[in-house]
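Visitor:
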Amino acid sequence: MRAERLHRARKASALDTEPWFGKNLAKIISISAAIISVRFSAHLGRTAVFDARAFVMPLADVPNYVVWRAKDWERNSLNMLCRAHFCHDALHGKSRADLHNMLHAIGRNSTTDLDERCRNGTFLIRAPGGIDTRSDVLPTYPGIAQAMGVQNAAV
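Here it is in structure tokens:
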């Protein structure tokens with residue numbers, strides 16, 4: 000299973016506020032990975048392990064980043080299904096349309112054969128009552144911006 004989490008560190012707004020871990024990037028990355036591993040494991044009820052990346056972007060741009068990652072998941076999902084049915088050489092250099100055609104030729108269809116979780120990934124979104132787990136979010140800008148509750152986001 001592949002999962003991602005976007006973590007928004009608290010913005011230093013007062014002069015006496017220290018930046019998170021003194022802006023030590025290695026520390027921020029390792030602690031972020033640890034935090035999400037523990038919280039996600041508790042949510043799932045089984046062990047999950049994450050790596051982490053850290054970068055700065057305006058909140059309004061976050062849905063665009065998530066769209067890119069969701070489309071990556073969509074491509075990986077199609078490729079994994081194809082790898083279950085075809086050898087590496089048969090798949091090499093094939094476009095997404097080619098992969099879909101190959102699946103259809105053997106009576107398979109990524110849209111109907113995969114459940115939403117495998118096809119779209121799973122989004123865990125912080126909600127007023129806790130964590131909202133959703134697999135119905137399509138990898139489109141409007142769908143992700145709406146699910147994240149981001150308004151006036153940059154397209």
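All letters in the sequence shown, in the order written, are residues 0 to 154 by numbering that gives the first Met the number 0.
Backbone N, C-alpha and C fix where the C-beta goes; we use that ideal spot for every residue, glycine too.
Keep in mind it's a predicted model, so treat the numbers as computed, not measured.
How far does the alpha helix (DSSP H) with Phe39 in it extend, from its first residue to its last?
Guide: Here residue 39 refers to the residue found at position 40 of the sequence shown. Start and end: Leu24 to Leu43.
Visitor: How about Phe124 and Arg118: do their beta carbons lie closer than 8 Å?
Guide: Start at 1 with the first residue of the sequence shown, and residue 124 comes out as number 125. Start at 1 with the first residue of the sequence shown, and residue 118 comes out as number 119. Per the sequence shown, residue 124 should be read as Ile rather than Phe. Going by C-beta atoms, Ile124 is not nearer than 8 Å to Arg118.
Visitor: What would DSSP say about Phe122, mapped onto helix, strand or coil?
Guide: Along the sequence shown, read from residue 1 onward, the residue named residue 122 stands at position 123. Three-state DSSP puts Phe122 in a strand.
Visitor: Checking the sheet assignment: what are the DSSP bridge partners for Thr46?
Guide: The count along the sequence shown starts at 1 and reaches residue 46 at position 47. BP columns for Thr46 are empty, so no partner.
Visitor: Would the stretch 138 to 151 count as touching the stretch 60 to 69 if we require 3 or more Cβ pairs under 8 Å?
Guide: In short, these stretches touch, since the Cβ pair count reaches three.
Visitor: Using 10 angstroms around the beta-carbon of Ile35, count the other beta-carbons present and answer buried if the total reaches 16, otherwise exposed.
Guide: Indexing the sequence shown from 1 puts residue 35 at position 36. Buried, since its Cβ has 16 or more Cβ neighbours within 10 Å.
Visitor: Would Leu80 and Asp112 qualify as a contact pair, given that the criterion is a beta-carbon distance under 8 Å?
Guide: To locate residue 80, count along the sequence shown from 1; it is residue 81. To locate residue 112, count along the sequence shown from 1; it is residue 113. Yes.
Visitor: What number of angstroms, rounded off, separates the C-alpha of Ala59 from the C-alpha of Ala144?
Guide: The sequence position of residue 59 within the sequence shown is 60, counting from 1. The sequence position of residue 144 within the sequence shown is 145, counting from 1. If I take the Cα positions, the gap works out to 9 Å.
Visitor: Can you list, in chain order, the residues of its chain whose CB lies under 6 Å from that of Ile28, leaving out five sequence neighbours each side?
Guide: Mapped onto the sequence shown, residue 28 falls at position 29. Ala51 and Ala53, listed in sequence order.
Visitor: Apply the 10 Å Cβ neighbour rule to Leu102 and answer buried if 16 or more other Cβ atoms are within range, or exposed otherwise.
Guide: The sequence position of residue 102 within the sequence shown is 103, counting from 1. Result: buried.
Visitor: Where does Asp114 fall in DSSP's three states?
Guide: As a first step, residue 114 is located in the sequence shown; it is residue number 115 there, counting from the start. Reduced to three states, the DSSP call for Asp114 is coil.
Visitor: Would you kindly work out how many angstroms separate the C-alpha atoms of Lys22 and Ile30, rounded to a whole number?
Guide: Here residue 22 is taken as the residue at index 23 of the sequence shown, counted from 1. Here residue 30 is taken as the residue at index 31 of the sequence shown, counted from 1. Computed Cα separation, rounded: 12 Å.
Visitor: Could you compute how far the alpha carbon of Val149 sits from the alpha carbon of Val37?
Guide: Start at 1 with the first residue of the sequence shown, and residue 149 comes out as number 150. Start at 1 with the first residue of the sequence shown, and residue 37 comes out as number 38. Approximately 26 Å between the Cα atoms of the pair.
Visitor: DSSP three-state label for Ile130, please.
Guide: Walking along the sequence shown from the start, residue 130 turns up at place 131. Three-state result, Ile130: strand.
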